[in-house]
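A short worksheet on the structure shown next.
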DNA sequence: GACAATCGAAACATCAGATGTTTAAAATCA
DNA sequence: TGATTTTAAACATCTGATGTTTCGATTGTC
């Protein structure tokens, strides 16, 4: 499951997660997977205690965590409800990670890609202006690892680290908080295209170009190269997912 | 305090916050305000119980909430530490709200504005393509409220709602999750420029242009108008804050 | 005196049970 | 029927006990 890969990339490992975190993740996965109807009640505290075999305090802490992520809403006396998706903190690392546990939805993936196309060319441009030599070194190393990768997994990890390095090199705290979006989109894309390593190597020249432009402090070139790279990814996804561009430019729904 | 204004805009009101939420907010404010050294220990559970006059379960839930926002790190046996700022979930609504409780830091505000300049022109462009008639109506109403506003507060709220309407009209779930960044930047900007209502009215023509372009389904015009509006804001901030552009490479690009 | 093994206090983790408050639905009555 | 009262369900909070981990202090040997 690539949810674990996501957590690896965020190096959330190291610390042993307590029971509350475990229960939180288990519930979170089910909510994101759509096992509960929007606005529907989930089991009460006692049932959850029995189901997970833990005490009430643990369940309460787990629920508090999910409330913090916007997934649940607790009403005293009434019960605990699943909030509508529009209220979820979609940028929360766990919420994004849990999305990796389900089949990628074409429209959501497109939205993630739209945001990547908005964010990363700018990030590359800023990186060319402000990156320190250490930050450029990080980008170079990631690029090198992409070249050397032999398995799909190694390649994806190196790819993710490349884009993260660029993002960090832009030296904008708020921007860095968006790295989860990039990881999520990247992992989902790989899952969808399921391309073999050779196919992936196709994107290497553009990554090289981004690196070169940043090294040369050429902001516009970095922006362009990154934009071109993402457009290529975008196109590949369009080819594989029929609904990828479906709900674009037209909407008049709502029930 | 405009932290409350932030919460109003996110309509987090309605439900009475329990003790855990109160303690969480109180601690969160202090952390964001920098009352603790990075990596430093905070009081242990018992001391916090005494300090806030609540039971251990409440304190534990509050701490779990802060861990979920990346502000704290709990190590069994050792204690609870404040994580370094780079690990905070800066896009979390509460974290952004707590930033409103302190004097805006020029560099952080610039970073927020950079992100706005990256996000909102795109959002306006997409809104021109995908907005429903109801969504356009929302934008129109917000714009109307801006025209009619008499107090600074009314104006800021209408301004925030205008930008939120545009963001929502882009019909991208991930994008919507960034509305907190816009609110935060907007409220900080007002606090800094402290401009009187008449001065604010200066931005009305550009808002009108954005609205007109979206109504006309002219994506490029919407993007341009929004870009121009933000560039204007950016410039005004540069004039007031000497350090606003301090840690910065040089030029802007984007095309 | 240096170093390693041991011990114990501090701090978080979990559990169990009791009591208060709020909500919403069921029961009751005019 | 419609308004009021009652009651059961569910969350909120408190209390106290026990387990586990960490880290520093103590101790004992060489």
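Chains as they are written, first to last, in this note's numbering: chain A, 3 to 257; chain B, 3 to 257. Yeah, the Cβ is synthetic: ideal placement off N, Cα and C, and Gly gets one too.
How would you call residue i, buried or exposed, if buried means at least 16 neighbouring beta carbons within 10 angstroms?
i                      : result
residue 144 of chain B : buried
residue 46 of chain A  : exposed
residue 136 of chain A : exposed
residue 63 of chain A  : buried
residue 155 of chain A : exposed
residue 173 of chain B : buried
residue 80 of chain B  : exposed
residue 37 of chain A  : exposed
residue 122 of chain A : buried
residue 29 of chain B  : buried
residue 42 of chain A  : exposed
residue 190 of chain A : buried
residue 153 of chain B : exposed
residue 16 of chain B  : For residue 16 of chain B, the predicted structure reports a pLDDT of 49, less than 50, and the residue's modelled location is therefore unreliable. A value from the coordinates is still provided. That one is exposed.
Give the straight-line distance between the Cα atoms of residue i and residue j, rounded to the nearest whole angstrom.
i                      : j                      : result
residue 83 of chain A  : residue 52 of chain A  : 19 Å
residue 124 of chain B : residue 178 of chain B : 12 Å
residue 112 of chain A : residue 166 of chain B : 21 Å
residue 71 of chain B  : residue 244 of chain B : 32 Å
residue 94 of chain A  : residue 133 of chain A : 26 Å
residue 10 of chain A  : residue 99 of chain A  : 10 Å
residue 104 of chain B : residue 31 of chain B  : 9 Å
residue 217 of chain A : residue 211 of chain A : 10 Å
residue 237 of chain A : residue 230 of chain A : 11 Å
residue 131 of chain B : residue 213 of chain B : 13 Å
residue 235 of chain B : residue 90 of chain A  : 30 Å
residue 101 of chain B : residue 204 of chain A : 44 Å
residue 158 of chain A : residue 200 of chain B : 53 Å
residue 8 of chain A   : residue 44 of chain B  : 30 Å
residue 19 of chain A  : residue 221 of chain B : 47 Å
residue 225 of chain A : residue 196 of chain A : 27 Å
residue 69 of chain B  : residue 219 of chain B : 44 Å
residue 202 of chain B : residue 239 of chain B : 13 Å
residue 241 of chain A : residue 138 of chain B : 32 Å
residue 4 of chain B   : residue 48 of chain B  : 32 Å
residue 88 of chain A  : residue 182 of chain A : 18 Å
residue 50 of chain A  : residue 142 of chain A : 48 Å
residue 14 of chain B  : residue 14 of chain A  : 29 Å
residue 6 of chain B   : residue 6 of chain A   : 38 Å
If the criterion is Cβ atoms closer than 9 Å, does the pair residue i and residue j meet it?
i                      : j                      : result
residue 120 of chain B : residue 187 of chain B : no
residue 151 of chain A : residue 162 of chain A : no
residue 169 of chain B : residue 184 of chain B : yes
residue 12 of chain A  : residue 67 of chain B  : no
residue 233 of chain B : residue 223 of chain B : no
residue 73 of chain B  : residue 34 of chain B  : yes
residue 126 of chain A : residue 227 of chain A : yes
residue 180 of chain A : residue 97 of chain A  : no
residue 259 of chain B : residue 86 of chain B  : Residue 259 of chain B is absent from the structure shown; chain B starts at 3 and stops at 257.
residue 147 of chain B : residue 171 of chain B : no
residue 60 of chain A  : residue 92 of chain A  : no
residue 1 of chain A   : residue 175 of chain B : Here chain A covers residues 3 to 257 and nothing more, so residue 1 of chain A does not appear.
Since residue i and residue j should fall inside the 8 Å C-beta cutoff, what is the C-beta to C-beta distance between them, to a whole number of angstroms?
i                      : j                      : result
residue 106 of chain A : residue 193 of chain A : 6 Å
residue 164 of chain B : residue 209 of chain B : 6 Å
Item checked: Any 3 or more C-beta pairs closer than 8 Å across the segment 17 to 30 of chain A and the segment 56 to 68 of chain A -> Touching, yes, given that three or more Cβ pairs across the two stretches are closer than 8 Å.
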